[in-house]
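*Asks:* Residue numbers (my numbering), protein chains in the order written: chain Z, 1 to 230; chain X, 231 to 460.
1. Contact check, residue 117 of chain Z vs residue 43 of chain Z under 8 Å by CB: the rounded distance?
2. Compute the Euclidean distance between the alpha carbons of residue 237 of chain X and residue 12 of chain Z, then round it to the nearest angstrom.
3. Can you check which of these residues, Z/97, Z/152 and Z/25, is closest to residue 430 of chain X by C-alpha distance?
4. Give the C-beta separation of residue 256 of chain Z and residue 415 of chain X to the nearest angstrom, bearing in mind that I take them to be a contact with Cβ-Cβ under 8 Å.
5. Whether or not the region 133-150 of chain Z and the region 161-170 of chain Z are in contact is what I'm after, with contact meaning three or more pairs of Cβ atoms, one per stretch, closer than 8 Å; do they touch?
6. So residue 95 of chain Z packs on residue 45 of chain Z, CB below 8 Å; how close in whole Å?
7. Using the beta-carbon of each residue, which ones in chain X are nearer than 7 Å to residue 89 of chain Z?
8. Jot down the residue ranges of each uninterrupted beta strand (DSSP E) in the region 243-320 of chain X, minimum 3 residues, whole runs only, in chain order.
9. Over the uninterrupted alpha helix (DSSP H) stretch that includes residue 94 of chain Z, give me the two end residues.
10. Below 8 Å, can you find three or more Cβ-Cβ pairs linking the region 76-96 of chain Z to the region 121-136 of chain Z?
11. Could you tell me which residues DSSP pairs with residue 126 of chain Z in its beta bridges?
12. Output the boundary residues of the beta strand (DSSP E) element that contains residue 131 of chain Z.
13. Rounded to whole angstroms, what is the Cα-Cα separation between residue 232 of chain X and residue 375 of chain X?
14. Using a Cβ-Cβ cut-off of less than 9 Å, list which residues of the region 401-419 of chain X approach chain Z; keep chain order.
15. Kindly list the residues whose CB is nearer than 6 Å to the CB of residue 159 of chain Z, restricted to its own chain and excluding five residues on each side of it in sequence; keep chain order.
16. Opposite residue 383 of chain X in the DSSP bridges: which residues?
17. So residue 92 of chain Z contacts chain X; which residues on that side make the cut at Cβ distance below 8 Å?
18. Note down, in chain order, every chain Z residue with its Cβ under 9 Å from the Cβ of residue 243 of chain X.
19. Between residue 164 of chain Z and residue 123 of chain Z, what straight-line distance do the alpha-carbon atoms span, to the nearest angstrom?
20. Excluding the 5 residues flanking residue 74 of chain Z on each side, which residues of the same chain have their C-beta closer than 8 Å to its C-beta?
21. Using the DSSP secondary-structure output, state which residues sit across from residue 461 of chain X in a beta bridge.
22. Which bits of chain Z does residue 326 of chain X rub up against, with CB to CB less than 7 Å?
23. Comparing the C-beta of residue 4 of chain Z with each C-beta of chain X, is any distance below 7 Å?
24. For residue 7 of chain Z, report the span of its alpha helix (DSSP H) as first-last.
25. From the DSSP output, in three-state form, read off residue 220 of chain Z for me.
26. Counting C-beta neighbours from all protein chains within 10 Å, is the total for residue 52 of chain Z 16 or more, i.e. buried, or is it exposed?
27. Taking only the alpha-carbon atoms, compute the straight-line gap between residue 421 of chain X and residue 345 of chain X and give it to the nearest angstrom.
28. Just to confirm my understanding: we take residue 301 of chain X, look at its own chain, exclude 5 residues before and 5 after, and list those with CB closer than 6 Å. What are they?
Structure follows, in structure tokens:
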């Protein structure tokens, strides 16, 4: 069906929010951990964290200004640092509950049953998360198009089980039980189809093992560009 | 293991790129379809498309300026419009191959075996994609932190099978075989754990059916916040 601009505009606001939120595809699921100046903890789920660059190592995410994420934004602007923690498939309900509008004096860690964790002066991290990242704020801007806030941070520390880090640097986040989100409220686990090698014009693709070694379509159980298992 | 700033800086550039690219979690997989002024088609896979807002309906994505996506950026700046098309699990190899550095005169559609599709003056879309979106450029900026380009577009048309659009507006993108990416090169299919209702302080979460109706943890086979199936 064709959903025209007019049809989309005629949807009631909640239906439109669910519809439009579903369109970009699967989203990352992360918890942002912050402190205010008094040391009060805050934790907020976001599905907008994206990779921005590897050198310098940068990540971005979006905050809606009038949302419950406002405390997160205030804290980041106060302390200039924050943690990004993976949402894993075994605690999606606790992670989702952090999106409730708790008052500023309530620690979402306590309210939802997740465990704050500190590494020296860095934290709070989410102990239960399989990937824990510490970032320092490098840039903050209000996007004129709709007054959302774009937060960009530089990665200062990554805590992850080294068994999930492949020799070529790829991290097997599926083995780390990282969840993915679609729309506003749907949580998913994943199943790897395969890794693919670096693409070049005129060269046929070949699959890689999980470790990043060359493989065959048959060994990986993958179909090639022609839909055949060679 | 703790990957400190120093350890990350000491990685060779390809290993660091794979490592840092894996950290944000699962990413959306989309193909951007564009035309240049002469009507030559271009198609490029991107894993950075993100939801920016529902009213107005906006999506953003990131382009690295020195990358193969340069043709995409040039075309968008020329024509002020583009399509975003979902990468589905049955054509990940063709989609991945669009990342090869083809010269500007080559149509990636032809090179990788995907089918250009037009709807009046809108296109090219990817016929094989289960979600096809037409956007008009509303904003373009170079991010100072690393000279990547942030492209923001407003949604003008969505083509999707209405059987996948639930009564409450949620689109079941898993039923539409939409793929997700991790790192630079790993493609995944998904399996829904569950939808969860709107979270409020002091209210227990409950799961939703795929259609957005209230359900029980037991009926959905989900664990509640305490890890029990009620």
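Built from N, CA and C at the ideal position, the CB exists for glycine as well.
*Replies:* Judging by the given coordinates:
1. Going by Cβ atoms, the distance from residue 117 of chain Z to residue 43 of chain Z rounds to 12 Å, so no, they are not a contact pair.
2. CA-CA distance, residue 237 of chain X to residue 12 of chain Z, rounds to 50 Å.
3. If we check each option's Cα against that of residue 430 of chain X, Z/97 comes out closest.
4. Since the first residue shown for chain Z is 1 and the last is 230, residue 256 of chain Z is missing from the structure and cannot be characterised.
5. The region 161-170 of chain Z makes no contact with the region 133-150 of chain Z, as fewer than three CB pairs between them are under 8 Å.
6. 5 Å
7. 423
8. Those beta strand (DSSP E) runs which fall completely within the region 243-320 of chain X and span 3+ residues are 260-265, 271-276, 280-284, 287-293 and 311-316.
9. The continuous alpha helix (DSSP H) containing residue 94 of chain Z extends over residues 92-97.
10. yes
11. Z/116
12. For residue 131 of chain Z, the enclosing beta strand (DSSP E) stretches over residues 131-142.
13. 25 Å
14. Residues passing the 9 Å Cβ filter: 401, 402, 403, 404, 408, 409, 410, 411, 412, 413, 414, 415, 416, 417, 418 and 419.
15. 132
16. X/289 and X/367
17. 423, 424 and 426
18. 54 and 55
19. Those two C-alpha atoms are separated by around 23 Å.
20. 36
21. The structure shown has nothing for residue 461 of chain X, since chain X only spans 231 to 460.
22. 196, 199 and 205
23. Closer than 7 Å: yes.
24. 5-10
25. helix
26. buried
27. 28 Å
28. The beta carbon of residue 301 of chain X is closer than 6 Å to those of 272 and 334 in its chain, skipping five residues each way along the sequence.
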